[in-house]
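Q:
Protein chains: 2
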Amino acid sequence: MSYSTSVQELIDQLGRLPGIGPKSAQRVAFHLLKIPTDDALKLAAAITEAKQRVSFCTRCFNLSEGGEECSICRDPRREARILCVVEDSQDIVAIERTKEFRGRYHVLQGAFSPIDGVGVDQLRIKELMSRVGEEDVEEVIVATNPNLEGEATASLLLKFLQPMGVRVSRIASGLPVGGDLEYADELTLGRALEGRKTLAEGEN
Amino acid sequence: MSYSTSVQELIDQLGRLPGIGPKSAQRVAFHLLKIPTDDALKLAAAITEAKQRVSFCTRCFNLSEGGEECSICRDPRREARILCVVEDSQDIVAIERTKEFRGRYHVLQGAFSPIDGVGVDQLRIKELMSRVGEEDVEEVIVATNPNLEGEATASLLLKFLQPMGVRVSRIASGLPVGGDLEYADELTLGRALEGRKTLAEGEN
Numbered sequence: 661m662s663y664s665t666s667v668q669e670l671i672d673q674l675g676r677l678p679g680i681g682p683k684s685a686q687r688v689a690f691h692l693l694k695i696p697t698d699d700a701l702k703l704a705a706a707i708t709e710a711k712q713r714v715s716f717c718t719r720c721f722n723l724s725e726g727g728e729e730c731s732i733c734r735d736p737r738r739e740a741r742i743l744c745v746v747e748d749s750q751d752i753v754a755i756e757r758t759k760e761f762r763g764r765y766h767v768l769q770g771a772f773s774p775i776d777g778v779g780v781d782q783l784r785i786k787e788l789m790s791r792v793g794e795e796d797v798e799e800v801i802v803a804t805n806p807n808l809e810g811e812a813t814a815s816l817l818l819k820f821l822q823p824m825g826v827r828v829s830r831i832a833s834g835l836p837v838g839g840d841l842e843y844a845d846e847l848t849l850g851r852a853l854e855g856r857k858t859l860a861e862g863e864n
Numbered sequence: 661m662s663y664s665t666s667v668q669e670l671i672d673q674l675g676r677l678p679g680i681g682p683k684s685a686q687r688v689a690f691h692l693l694k695i696p697t698d699d700a701l702k703l704a705a706a707i708t709e710a711k712q713r714v715s716f717c718t719r720c721f722n723l724s725e726g727g728e729e730c731s732i733c734r735d736p737r738r739e740a741r742i743l744c745v746v747e748d749s750q751d752i753v754a755i756e757r758t759k760e761f762r763g764r765y766h767v768l769q770g771a772f773s774p775i776d777g778v779g780v781d782q783l784r785i786k787e788l789m790s791r792v793g794e795e796d797v798e799e800v801i802v803a804t805n806p807n808l809e810g811e812a813t814a815s816l817l818l819k820f821l822q823p824m825g826v827r828v829s830r831i832a833s834g835l836p837v838g839g840d841l842e843y844a845d846e847l848t849l850g851r852a853l854e855g856r857k858t859l860a861e862g863e864n
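Chains R and U are the protein sequences, given in the same order.
When we follow this note's numbering, the leftmost residue of the first sequence carries the number 661, and every step to the right adds one.
When we follow this note's numbering, the leftmost residue of the second sequence carries the number 661, and every step to the right adds one.
1) Should D840 (chain R) go down as buried or exposed, given a rule of 16 or more other Cβ atoms within 10 Å for buried?
2) Run through chain R and tell me which residues come within less than 7 Å of Q750 (chain U), C-beta to C-beta.
3) Report yes if the CB atom of K654 (chain R) is closer than 8 Å to the CB atom of A689 (chain U), and no otherwise.
4) Can you look up F721 (chain R) in the DSSP assignment and give me helix, strand or coil?
5) Using a C-beta to C-beta distance shorter than 8 Å, which residues of chain U count as neighbours of V714 (chain R)?
6) Determine, using beta carbons only, whether C720 (chain R) and V767 (chain R) come nearer to each other than 8 Å.
7) Which whole runs of the beta strand (DSSP E) in the segment 774-842 of chain R are 3 residues long or more, in chain order?
8) Any residues in the segment 698-710 of chain R with a beta carbon nearer than 7 Å to a beta carbon of chain U? Which ones, in chain order?
9) I want to verify the contact list: residues of chain R whose CB lies under 8 Å from the CB of E725 (chain U), in sequence order.
10) Ends of the alpha helix (DSSP H) at E669 (chain U)?
11) Just to confirm, is the Cβ distance from V802 (chain R) to A812 (chain R) under 8 Å?
12) Going along chain R in order, which residues have a C-beta closer than 8 Å to the C-beta of P678 (chain U)?
13) Just tell me which of U:F716, U:R738 and U:P696 has its CA closest to the CA of D796 (chain U).
14) Please check the pair E725 (chain R) and S731 (chain U), which I expect to be a contact at CB under 8 Å, by giving their CB distance rounded to whole angstroms.
15) In whole angstroms, what separates the C-alpha of S664 (chain U) from that of R757 (chain R)?
16) Chain U partners of L670 (chain R), CB-CB under 7 Å?
17) Rounded to whole angstroms, what is the Cα-Cα separation between E782 (chain U) and E709 (chain U)?
18) So for A740 (chain R), helix, strand or coil by DSSP?
19) Which residues in the same chain have their Cβ closer than 6 Å to the Cβ of S715 (chain R), if we skip the five residues on either side of it in sequence?
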């Protein structure tokens, strides 16, 4: 006996999700079959609903619900002169939580990684350059992840944007706040040393 | 900014699945939002379809598609005199793969674990006893997992079934085939020693 058609289809569809292997897909499928129908259908409805209502912002490619432009691009209080470039929409949520940034965003929808088939054309770089040309952008903060792909993307953006006369900056790398020197990996610690700041009275 | 309503709902629903924490739920949600709508809706459809078509077998509580009884219970070639008791439907698939068992099954839908609120009444033990009484069962093989809950369930079943005059057996515990003595944990190795078999010529 193998699984019946619709159970197998459910396992297959679940197995396509990122981070869900064949065993997890099976466990999740059986969980869905066991729980009350209403609860399982809530997930199906949430997927359908999200796909219907959520699209990508035509300006910054963030997720947008109920409109062509996302809520941040539509907000007139956000400064247009600073643009924060991130890999994914999730990163915007993380940055917004800090309440430190009042500018706008641009979502690349990935990071430069030719080995995975993500080249310049797969990222929203052309659109970023148009924005820098058309909107009144003074500074582009590159907030891609501090890993291999993110750094490569940052170098790439610097190459494209510097000739346009805009200031390009990169978020700082170093020890996480509350972290422990003893347990830091050597790359992070190296970055922390490299990016050291002179302490002087009267400054932060 | 936090997530928009339908994105948050999708993350919440995904986060209810077993083995999917808040971070995974977020990753899966964004994956679903990124992929083509058709692909995402396939998952929604698979859930809806499975919940509509799949029910529990009225006899053995295995999953059943298109019928009150599952395909194994409906199969006249399966021997009724041997009943293999498992915790979940997944276990049936695992046992069927061995092609060693031609009897029928009974799914308890869980294992005895009072601390998790699973007592005798939550398991399909009453139904198992009715079957042993009504069907022509000679042997009940208890194939619950060889862990704390599974062993407790096995003891419990022995207590209930032995007075009914049926033979109750338990699947063997020991070293996995292809395993390595050096890396075996002491409990497994202890079980392997305890369950040792006398080797004699002319026997397997």
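Just so you know, even glycine gets a beta-carbon here, dropped at the ideal spot from N, CA and C.
In this text, all values refer to a predicted model and were calculated from it rather than measured experimentally.
A: Taking the coordinates as given:
1) Burial is judged here by how many other beta carbons sit within 10 angstroms of a residue's own beta carbon; D840 (chain R) has fewer than 16 and is exposed.
2) One finds Q686 and F690 in chain R with Cβ atoms closer than 7 Å to the Cβ of Q750 (chain U), taken in chain order.
3) With chain R represented from 661 up to 864, any question about residue 654 (chain R) goes unanswered, as that position is not in the structure.
4) Coil at F721 (chain R), not helix or strand.
5) The answer, in chain order, is S664, S666, V667 and L693.
6) A contact, by the Cβ cut-off of 8 Å.
7) The segment 774-842 of chain R contains, as complete beta strand (DSSP E) runs of 3+ residues, the segments 799-802 and 827-830 (chain order).
8) Under the 7 Å Cβ criterion, the segment 698-710 of chain R contributes A700, L701, K702, L703, A704, A706, I707, T708, E709 and A710.
9) Correct list: S664, T665, S666 and V667.
10) From DSSP, the alpha helix (DSSP H) with E669 (chain U) extends over T665 to G675.
11) Their beta carbons are not under 8 Å apart, which means V802 (chain R) does not touch A812 (chain R) by this criterion.
12) The contacting residues are R687, V688 and H691.
13) It is U:R738 whose Cα lies nearest to the Cα of D796 (chain U).
14) The beta-carbon separation of E725 (chain R) and S731 (chain U), rounded to 44 Å, does not stay under the 8 Å limit for a contact.
15) Cα atoms of S664 (chain U) and R757 (chain R): separation of roughly 14 Å, rounded to the nearest angstrom.
16) Here the neighbours are A706, I707 and A710.
17) Per the sequence presented here, residue 782 (chain U) reads as Gln, with Glu not at that position. A straight line joining the alpha-carbon of Q782 (chain U) with that of E709 (chain U) spans about 27 Å.
18) Collapsing the DSSP output to three states places A740 (chain R) in a strand.
19) Around S715 (chain R), the same chain offers S724 as residues with beta carbons nearer than 6 Å, after the five sequence neighbours per side are excluded.
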